[in-house]
Each structure stands twice: as structure tokens, then as C-alpha cells.
Amino acid sequence: MRRVLAYLLRIGGTAAIVAAVVVQVQRSITNEEAGTGEVEFVVQNFFSFFTIESNVLAAVVLFVGIFTLSKRGESRGWSMIRAAVTTYMATTGVVYNLLLRGIELPQGATVPWSNEVLHVIAPAIIVLDWLIAPGRRPLKSTALWGIIAFPILWAGYTLARGVLVLDPRTNVAWYPYPFLDPNISPNGYFSVAFYIALIAAVIGVVGAGVLWVSRLRRRTA
């Protein structure tokens with residue numbers, strides 16, 4: 041029964057995430073074509089959001105997972121990848137629903153149902169998949185370093201891109217989130233460093249919970 045439910049989750053989750061990403065990027069491209077025409081830059085910006093990158097990774101993991109369910113047990117490396125993506129998506133869902141749920145979306149720029157899929161439905165699917173799908177391996181606490189690595193690399197990429205690549209529409213640096221922009225943060229890079237450390241800490245806590253779940257079945261046995 042769990043295997044059948046996992047199949048349905050992975051097939052449905054893959055389709056939902058791909059559809060949500062494609063529809064939203066199409067909307068962004070259409071809006072930009074009607075505006076200043078900097079489509080390439082807008083697409084780069086779109087795929088520079090942590091939420092989008094996490095959802096793309098989630099779609100890949102769910103899709104590949106469709107074909108691994110027939111195996112008795114997945115490799116430890118694949119369980120590590122699943123654990124990392126589950127952590128990123130769970131963090132996305134928690135932060136959005138606790139802090140950003142009440143913020144009004146830009147009219148005409150955001151596809152409402154796509155936003156709901158990427159921030160609510162997809163995180164729920166990937167977490168549920170981690171909980172019920174058979175085959176995951178128990179992971180040690182040291183795997184947490186691997187989970188935290190990607191968000192830190194993403195933050196480094198974001199800061200470097202903001203300095204090196206100016207928005208051709210405004211001729212100023214572009215950052216996906218205001219709290220990562222040293223030009224508008226109260227204390228510049230000190231504030232940015234604080235937020236990066238805070239994000240790493242939140243991801244670390246969520247990741248620790250994900251790793252604990254991976255060991256739960258063995259502990260119960």
C-alpha cells in the first residue's frame with residue numbers, strides 16, 4: 041500500500057511541479073516581452089530563486105524515484121540526496137506559510153495556483169514521500185554538513201552575481217531576496233551575513249529532523 045501511494049505521490053508531484061514552474065516562467069517571459077525585453081536576464085533571475093531551484097530538484101528526485109521504487113532498497117547516496125531536497129522543500133514551506141502567506145502577490149506577475157504548488161503542495165508531497173516511501177537508508181548526523189552545503193553555495197552565488205551582474209533594466213544589482221541585498225540592508229554585509237547564518241541554522245534544524253526520520257524505522261525495529 042505504501043509503495044502504491046508513493047508511486048502516486050511521485051507521479052503527481054512531478055507533474056504538478058513541472059507544470060507550476062513552466063507556467064510561471066512563461067508568465068514572466070510574456071510580461072518581460074511586453075516590457076523592456078530583457079528576457080534572458082529575467083529567466084536567469086527566475087532560476088536564481090532558492091524556491092525555484094529547490095522545486096526543480098524536487099521534481100528530479102520525484103521523477104527518478106518513480107523508477108527506484110521497484111528496488112528493495114535505495115543507495116545511501118540517493119537517500120542523502122532525497123534527505124537534502126526534503127530539507128530544502130520543508131524549509132520553503134515553513135518559511136512561506138509562517139512569514140509570507142499574508143503578503144499580497146504582484147497582480148499579473150505571479151500565477152496564483154503555481155505559487156501555491158511551489159510553496160505549499162510540493163513541500164507537503166516531498167515531506168510525505170520521505171515519511172512513507174519504502175527504501176530509504178538510515179543516515180548519520182554527519183550528513184547534515186552535506187545538506188547545509190548547497191544553501192551556503194547558493195548564497196555565495198547570489199552575492200557574487202549581485203556584484204558582478206547589473207540589472208540591464210535598472211543598472212543596479214539584482215538580488216532574489218531583499219535581505220540578501222547589502223545595498224538596502226541596515227548594516228550592509230553584516231546584516232546579510234546574519235541572515236545567511238540564520239537560514240543555515242533553520243535548514244540545519246529541519247535537516248536534523250529529516251535525518252532523524254531516516255533512522256526512525258531502524259530504531260523501531
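Here the sequence shown is numbered in this note's numbering, starting from 41 and rising by one per residue.
Think of the CB as a built atom: it goes at the ideal place given N, C-alpha and C, for glycine as much as any other residue.
Review point. For the candidate residues Pro226, Ser225, Leu179, whose alpha-carbon lies nearest to that of Val250?
Key: Taking the first residue of the sequence shown as 1, we reach residue 250 at position 210. Cα-wise, what sits closest to Val250 is Leu179.
Please report the distance separating the alpha-carbon of Ala59 from that of Phe219. Residue mapping note: residue 59 aligns to position 19 of the sequence shown, counting from 1. Residue mapping note: residue 219 aligns to position 179 of the sequence shown, counting from 1. Taking the straight line from one Cα to the other gives about 29 Å.
| said: Count Cβ pairs between the segment 188-206 and the segment 221-237 that sit closer than 8 Å; are there 3 or more? | reply: yes
Please determine, among Ile161, Ser115, Val104, the residue with the shortest C-alpha to C-alpha distance to Ala130.
-> Along the sequence shown, read from residue 1 onward, the residue named residue 130 stands at position 90. Per the Cα distances, Ile161.
Note to self: Taking the beta carbon of Met120 as the centre, do at least 16 other beta carbons fall within 10 Å, making it buried, or is it exposed?
What the structure shows: Residue mapping note: residue 120 aligns to position 80 of the sequence shown, counting from 1. Under this definition Met120 is a buried residue.
Requested in this report: Can you have a look at Ala241 and say buried or exposed, based on whether 16 or more other CB atoms are within 10 angstroms of its CB?
Outcome: On the sequence shown, residue 241 is found 201 positions in, with the first residue counted as 1. Its Cβ having fewer than 16 others within 10 Å, Ala241 is exposed.
Anyone know if the C-beta pair for Ile57 and Val167 falls short of 8 Å?
-> Counted from its first residue, the sequence shown places residue 57 at position 17. Counted from its first residue, the sequence shown places residue 167 at position 127. No. Outside cutoff.
Candidates Gln64, Ile187, Ile224, Gly105: which alpha carbon is nearest Ile51's? Taking the first residue of the sequence shown as 1, we reach residue 51 at position 11. Per the Cα distances, Gly105.
Margin query: Spatial neighbours of Arg258 within its chain, please: C-beta separation below 7 Å, excluding the five flanking residues on both sides.
Written below: Numbered from 1 along the sequence shown, position 218 holds the residue referred to as residue 258. With a pLDDT of 45 at Arg258, under the threshold of 50, the predicted position of this residue should be treated as unreliable, and no value is reported.
Quickly, what does DSSP pair Leu199 with across the bridge? List them, please. Counting from 1 along the sequence shown, the entry for residue 199 is found at position 159. Answer is none; Leu199 lacks a bridge partner.
- What separation, rounded to the nearest whole angstrom, lies between the Cα atoms of His159 and Val65? The sequence position of residue 159 within the sequence shown is 119, counting from 1. The sequence position of residue 65 within the sequence shown is 25, counting from 1. Between His159 and Val65, the C-alpha separation is close to 15 Å.
Note down, one range per segment and in chain order, each alpha helix (DSSP H) of at least 4 residues found wholly within the segment 112-186. 116-135, 152-156, 162-172
Item checked: Extent of the continuous alpha helix (DSSP H) run through Arg209 -> As a first step, residue 209 is located in the sequence shown; it is residue number 169 there, counting from the start. Taken as a continuous stretch (DSSP letters only), Arg209 belongs to no alpha helix (DSSP H), as it is neither H nor E.
Handout entry: Counted within 10 angstroms of its Cβ, other Cβ atoms place Ile239 as buried (16 or more) or exposed
Key = Residue numbering aside, residue 239 sits at position 199 when the sequence shown is read from its first letter. Buried, because 16 or more other Cβ atoms sit within 10 Å of the Cβ of Ile239.
* Assign Pro208 to buried or exposed, taking buried as 16 or more other Cβ atoms, counted over all protein chains shown, within 10 Å of its Cβ. => Here residue 208 corresponds to residue number 168 of the sequence shown, with the count starting at 1. Exposed, since its Cβ has fewer than 16 Cβ neighbours within 10 Å.
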